Amino acid sequence: MNALKEYAARVEKALKAKVEGMEGVPPLLQEAMAYSLMAGGKRLRPVMLLAAVDMLGGDSGDAMDPACAVEMIHTSSLIHDDLPGMDDDVLRRGRPTNHVVYGEGQAILAGDGLLNWAGEILARDALAHPGQLENRVRAMEEILRGAGPQGMMGGQCLDLSCQQENRGGEKELMEIQLGKTCRMFIHPLRAAGWLAGAGEAEREALGRYGEAFGRMFQTADDLLDVEGSQAELGKSVGKDAQEGKLTAVAVYGLEGARKMVRDQMELALAALEEFGQQGAFFRELVLSMKGRKS
Ligand code: GRG
């Protein structure tokens, strides 16, 4: 998808400038933060924020700071997710994980650093737009809430406790997916609505798309853990079953999980009806996930 590549290249460039422009940070912390941030993720969440701003008639060039903040938060969650106290993983984005290279303590700080830096960037972005202050602060609230205890962190908490206590079924799976994965799509997309000055009906539709996209994406991720290749994914495979994780494959089986991907694709496409022709990028994005290998 060319548009996806173009948006991702813009995000990459902006992140690089941010990392290079960091001042007053101990070199070790700066290096550890940059190690994971610049390791070549797909940049899906910031790309979707920018594309949504454009779709709604806003200026994505003026939404790059919130987009970078979203990617920093996402990367911070990956660093923490890989820690020995969580998923205990050694490979991410095709590289040894942050704690393998820098040690556990420094990796915790690198994750914390990216999370805090994202908050700082969002606040500064709002202050730099006095004419749009309320909408920019609302966008900031969406992004931070999506990542926080009611969002990704809450989902991760439930995921971890189900795994540790060897419990949970469909209900818990739905909650885990919503919190851990969907909220990092729903809220950055809704934030794009605020940034572009869209109305509640559009933010609602973006939220519905984000939820369906997130469920589709996480279920495909669960399938890739069984059927994918470590080389293409750049992360370990086969760990979910080994560690007794509550995944879509564990709950529904392989065929059931594949059906869930198809069902959520339909729901995501249906949510785009709100946007008519303008929704082309997001329609293509859903379809491009069909053959997803990484
Ligand atoms: C410190 C912000 C913070 C959070 C702590 C650890 C944690 C709470 C949450 C982990 C959430 C998590 C890792 C969810 C999985 C979502 C998922 C499918 C991630 C992979 O996303 P991709 O494929 O990765 O977009 P790339 O590398 O391409 O960016």
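If you count the sequence shown from 1, you need to add 453 to reach the numbering used here. Don't be surprised by glycine CBs; every beta carbon is placed ideally from N, CA and C. Since this is a predicted model, take the numbers as computed values, not measurements.
Taking all protein chains shown into account, do 16 or more other C-beta atoms lie within 10 angstroms of the C-beta of residue i, making it buried, or fewer, making it exposed?
{"i": "residue 543", "result": "exposed"}
{"i": "residue 458", "result": "exposed"}
{"i": "residue 730", "result": "exposed"}
{"i": "residue 530", "result": "buried"}
{"i": "residue 470", "result": "exposed"}
{"i": "residue 718", "result": "buried"}
{"i": "residue 551", "result": "buried"}
{"i": "residue 715", "result": "exposed"}
{"i": "residue 738", "result": "buried"}
Would you kindly work out how many angstroms separate the C-alpha atoms of residue i and residue j, rounded to a whole number?
{"i": "residue 511", "j": "residue 558", "result": "41 Å"}
{"i": "residue 498", "j": "residue 515", "result": "16 Å"}
{"i": "residue 704", "j": "residue 583", "result": "49 Å"}
{"i": "residue 479", "j": "residue 461", "result": "28 Å"}
{"i": "residue 726", "j": "residue 732", "result": "8 Å"}
{"i": "residue 546", "j": "residue 688", "result": "6 Å"}
{"i": "residue 627", "j": "residue 477", "result": "43 Å"}
Since I believe residue j is in contact with residue i (beta carbons under 8 Å), could you give me their beta-carbon distance rounded to a whole number of angstroms?
{"i": "residue 639", "j": "residue 607", "result": "Contact flag wrong, Cβ pair sits at about 13 Å."}
{"i": "residue 468", "j": "residue 655", "result": "So it is not a contact: roughly 27 Å between Cβ atoms."}
{"i": "residue 736", "j": "residue 722", "result": "6 Å"}
{"i": "residue 563", "j": "residue 475", "result": "Actually they do not touch by this definition, with Cβ atoms about 12 Å apart."}
{"i": "residue 734", "j": "residue 560", "result": "That pair is no contact at about 35 Å."}
Quick one, which of the options has its alpha-carbon nearest residue i's?
{"i": "residue 751", "options": "469, 490, 480, 504", "result": "The chain is shown only over 454 to 747; residue 751 falls outside these bounds and no answer can be derived."}
{"i": "residue 492", "options": "699, 578, 465", "result": "465"}
{"i": "residue 592", "options": "575, 713, 534", "result": "575"}
{"i": "residue 630", "options": "648, 668, 659, 649", "result": "668"}
{"i": "residue 661", "options": "533, 565, 641, 679", "result": "641"}
{"i": "residue 522", "options": "622, 659, 496", "result": "496"}
{"i": "residue 520", "options": "697, 637, 537", "result": "637"}
{"i": "residue 611", "options": "548, 632, 541", "result": "632"}
{"i": "residue 635", "options": "698, 646, 527", "result": "527"}
{"i": "residue 676", "options": "665, 625, 701", "result": "701"}
{"i": "residue 648", "options": "501, 506, 698", "result": "506"}
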